[in-house]
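When you line the sequence shown up against the numbering used here, it's residues 241 to 277, in that order. Have a look at the structure below, then the notes.
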Amino acid sequence: GILSLFTGGIKALGKTLFKMAGKAGAEHLACKATNQC
241 GILSLFTGGI KALGKTLFKM AGKAGAEHLA CKATNQC
């Protein structure tokens with residue numbers, strides 16, 4: 241029903257945000273490691 245659609249959307253959004261944050265974090269660590277921030 242509506243609720244399962246809603247929780248599915250929240251989960252998908254969370255996964256996307258987590259991926260984006262992970263990518264940004266990795267890039268930040270890489271620039272820190274090479275002193276290019």
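All residues carry an ideal CB built from backbone N, CA and C; glycine is no exception. Keep in mind the model is a prediction, meaning the values are calculated, not measured.
Distance, Cα to Cα, residue i vs residue j?
i                 : j              : result
alanine 264       : leucine 245    : 29 Å
glycine 249       : histidine 268  : 28 Å
leucine 253       : methionine 260 : 11 Å
cysteine 271      : glycine 241    : 46 Å
phenylalanine 258 : alanine 266    : 12 Å
cysteine 277      : glycine 262    : 17 Å
alanine 273       : lysine 255     : 27 Å
>> To test your reading of the DSSP string, which unbroken beta strand (DSSP E) runs of 3 or more residues are found completely within the segment 242-268?
In response: none
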